Structures are given as C-alpha cells and as structure tokens.
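Per my numbering, the very first residue in the sequence shown carries number 37; after that it's consecutive.
One structure below.
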Amino acid sequence: MRVLITGAAGFLGSHLSDRFIAEGHTVVGMDNLITGNMDNIAHLMGHERFSFIKHDVSNYIYVPGQIDAVLHFASPASPNDYLEHPIPTLKVGSLGTHNTLGLAKAKGARYLLASTSEVYGDPQVNPQPETYWGNVNPIGPRGVYDEAKRFAEAMTLAYQRYHGLETRIVRIFNTYGPRMRLNDGRVVPNFIHQALTNQPITVYGDGSQTRAFQYYSDLVDGIYRLLHSNEDLPVNIGNPNEMTIVEFARAVIDIANSQSQIVFVQPTDDRFTDDPKQRRPDISKAQRVLGWEPKVQLAEGLKQTLDYFRDKV
Ligand code: UDP
C-alpha cells in the first residue's frame with residue numbers, strides 16, 4: 037500500500053510511519069510542524085519508501101500518484117497545545133478532516149480517523165463504551181479539541197454513508213511513550229521530567245481523578261488491525277488499567293527510583309478546567325472485532341519511556 041499519514045512528525049504519526057514502513061508499505065508523511073518535530077522521523081528521511089511533505093492539511097491537499105489509505109493523525113493533542121493553538125486545533129479537526137476525506141475519496145483510498153476519548157468529555161459512565169454519547173462542554177477550553185473531534189467523526193460517517201467511502205475511526209485513550217515532547221504539558225512527560233530531576237511531582241487538584249495509560253506500541257498495533265478490519269464504526273483503543281493521578285505519580289517515582297515528593301497544585305489557568313474526573317476504556321469491542329488487547333504493563337512501558345527521556349532532561 038501507499039499510505040498518507042498526516043501528523044507524521046508527531047508522537048503517534050511517527051510511530052505509525054515506522055510500523056507501515058516495517059510492514060513493507062510506502063509512506064507519505066505530512067505535517068505542518070506546529071507541534072510535530074522532524075527529529076521523530078529523522079531516521080526515515082532518505083528511506084526509499086518514505087517521503088515527507090511539509091503542509092498544513094487545513095488547506096487544500098495535493099498529493100500526486102496513487103494513495104491506498106489515508107490516516108488522519110494531524111492535530112495538537114495535549115491540553116496545553118490546544119489551549120495555545122485553539123483555532124488551528126478547530127481547523128485541523130474540521131477543515132483538515134474534510135480535506136483528507138476529500139483526498140481519500142478522489143484516490144479511492146480507505147480512510148482512518150484518529151479520534152479520542154475526549155469525545156466522551158467528563159464522562160458520567162465508567163468505563164466508557166463506544167455507545168456512550170459523552171458529556172462535553174462545547175464552550176469550555178477543551179471544547180476546541182473535543183468538538184473538533186466530534187465533528188470529525190460526524191464528517192467521516194457522512195463520507196461513509198453519502199459517498200460510500202471505506203472509513204475507520206479509532207478513539208484513542210491516554211497513550212505514552214518515547215517521542216512525546218518533554219514540554220507538551222501532559223501528565224506523563226511532566227511527571228517523568230520532574231522525577232528524573234528530583235523536582236516536586238505536580239499533581240493537579242486532589243489527584244483523585246483517574247486515567248488509564250497505554251503504551252504506544254499497543255495502540256499502533258490496534259490501529260494497524262483496525263485499518264485492515266471490516267469495522268466501520270468507532271473502536272476504543274486503550275489500556276483499561278485505571279488509576280488515580282496520585283497512584284500514577286507514585287508509580288513514576290518508584291520506577292524512576294526518584295527522590296521527588298508529591299505536591300498538590302491548583303492550576304489557576306485553563307489547564308484544569310473541565311478536567312475529566314474519571315476515564316477508562318471499555319475495550320470489549322476491540323477484543324471482539326479486532327482480537328486486540330494491550331500487552332505492555334505500566335512498569336515496562338514507563339521504564340522504556342524513562343530511558344528515552346533520561347538524556348533529554
Ligand atoms: N495532571 C497532573 N499534573 C500535571 C499534568 C497533568 O496532575 O503536571 C493531571 C491532569 O489534571 C489530568 C491528568 O493528569 O487529570 C491527565 O492529564 P493530561 O494532560 O496528561 O491529559 P488528559 O487526559 O487530561 O487529556
């Protein structure tokens with residue numbers, strides 16, 4: 037296959053590019069580099085089956101030649117990033133999704149949308165199955181991401197139903213691993229940075245809010261399976277190992293063998309507004325339709341991630 041991956045210089049886009057190259061496919065990577073970084077794909081530059089186009093997919097996309105699959109992964113994805121770039125976030129989820137869908141239609145390609153557990157907002161059911169409609173505040177600071185992704189799902193289903201396009205939607209839950217940006221503001225790079233430098237670990241609020249963290253390689257495997265499956269409605273891909281943020285802080289301190297102490301802080305800016313109080317994927321659909329479940333335990337994934345960040349702090 038010849039595959040277009042938008043957001044190819046990002047954390048997930050770069051790992052996906054690696055997987056498709058490793059499977060023998062040809063990858064065209066696209067990124068506008070507002071949150072992506074060429075370092076993530078430096079090892080692919082010059083590969084005979086990889087090429088890169090610097091382009092903002094919120095504008096019309098031109099790619100010559102055959103394309104068999106379009107994977108739309110371009111978007112700021114950390115709360116800090118989408119608070120800093122609210123309008124580009126709305127545009128890439130709406131116009132960028134429309135443009136990538138249009139390209140897939142013109143090329144006769146299969147389409148896969150990177151959606152998110154944020155479509156469930158601050159969920160009132162836990163764990164979240166794909167049938168849950170969510171609890172999103174459209175006008176809150178997170179609305180720029182959440183609503184863009186909800187629109188993106190609606191647009192993707194419209195192309196499927198109206199144009200007969202082959203589409204897939206993955207709802208990605210919290211994912212971590214090498215190539216996250218140390219300063220992206222999310223809990224994993226923050227805590228790892230703090231633990232490796234023996235600084236206080238900043239738990240927001242009282243730390244009783246929960247998340248469930250999956251290692252990137254499990255996600256990439258789920259996405260690869262989903263693209264090749266027949267499932268044309270959204271599928272959650274995440275690790276159901278739910279824990280409080282305080283428990284997560286302790287795990288990072290422990291695995292990093294750090295001297296850091298936990299401190300509780302109340303961010304006064306928008307970072308903590310509408311912070312979901314609980315989140316955990318119901319993965320029974322992924323198990324049933326993809327034969328997929330996560331394999332990497334938190335201790336192992338954190339160890340790999342700490343090794344990656346050790347010489348970057
Ligand atoms: N968080 C925290 N300290 C930090 C960064 C984040 O306690 O230094 C919390 C944040 O309030 C949220 C959770 O960790 O409850 C996960 O935040 P993140 O930004 O990683 O992603 P989210 O899952 O909210 O999109």
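Think of the CB as a built atom: it goes at the ideal place given N, C-alpha and C, for glycine as much as any other residue.
These numbers come from a predicted model, not from an experiment.
- Judged by pairs of C-beta atoms under 8 Å, the segment 281–288 touches the segment 219–230, as three or more such pairs exist.
- Per DSSP, Val128 is one residue of the alpha helix (DSSP H) stretching across Pro122 to Lys143.
- Rounded to the nearest whole angstrom, the CA to CA distance from Leu338 to Val332 is 10 Å.
- Annotation for Phe308: no alpha helix (DSSP H) segment contains it, and DSSP assigns it neither H nor E.
- For Leu148, the enclosing beta strand (DSSP E) stretches over residues Arg146 to Thr152.
- Counting C-beta pairs closer than 8 Å gives three or more between the segment 306–321 and the segment 175–183, which meets the contact rule.
- Cβ-Cβ separation between Leu255 and Thr203: approximately 19 Å, too far for a contact (criterion under 8 Å).
- In the three-state scheme derived from DSSP, where H, G and I count as helix and E and B as strand, Val106 is classed as strand.
- Beta-bridge partners assigned by DSSP to Tyr168: none are found.
- With a threshold of 6 Å, the Cβ atom of Arg247 counts as near ligand 1, since some heavy atom of the ligand is closer than that.
- The segment 75–83 and the segment 111–130 do not touch, with fewer than 3 CB-CB distances between them shorter than 8 Å.
- Judged by their CB atoms, Asn277 and Ala248 are nearer to each other than the 7 Å cut-off.
- Judged by their CB atoms, Lys185 and Ser153 are not nearer to each other than the 7 Å cut-off.
- Listed as beta-bridge partners of Lys90 by DSSP are Asp67.
- In this model, Leu139 and Pro112 are separated by some 21 Å (Cα to Cα).
- In the structure shown, Ile319 falls within a coil segment according to DSSP collapsed to helix, strand and coil.
- Residue nearest to Leu262 within the set Ser130, Gly327 and Gly213 is Gly327 (criterion: CA-CA distance).
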